[in-house]
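Notes follow the structure.
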Amino acid sequence: MSLGEVDTLNLLTDKLNNLFEESQGYYESFLDTNNMYKEGKLTEREFFQKLGDYVVAYSALEFLSIKVIFEIKKSR
């Protein structure tokens, strides 16, 4: 790596690791929400709001994973 060059791969993998840890919270929250919905403790609206939160977090994780893969491919 030359002077002044940014280590994009390490930056992206750090971001990916952080996002993965954050998305675990969304996943666990969604599991709880799913159980509460099945028990009739949540409305459909509340359930789908939580589902939307989880889908957005997971989509961001997948997008960043793809960026890391492209960066790995580019560095070879």
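Read in order, the letters of the sequence shown correspond to residues 14 to 89 in my numbering.
Every residue, glycine too, gets a C-beta built ideally from N, C-alpha and C.
Predicted model, so just to flag it, every value in this text is computed and none were measured.
Checklist line | Lys86, buried or exposed, once every other Cβ within 10 Å from all chains shown has been counted against 16 | finding: Burial call: exposed.
Margin query: Check whether the stretch 67 to 86 and the stretch 22 to 33 are in contact - that is, three or more C-beta pairs closer than 8 Å.
Written below: Judged by Cβ distances under 8 Å, the stretch 67 to 86 makes contact with the stretch 22 to 33, as three or more pairs qualify.
Notebook entry, point to check: Buried or exposed: where does Lys63 fall if 16 or more other Cβ atoms within 10 Å of its Cβ makes it buried?
Noted result: buried
Check: According to DSSP, is Thr56 helix, strand or coil?
Finding: coil
Check: DSSP three-state call for Asp20: helix, strand or coil?
Finding: coil
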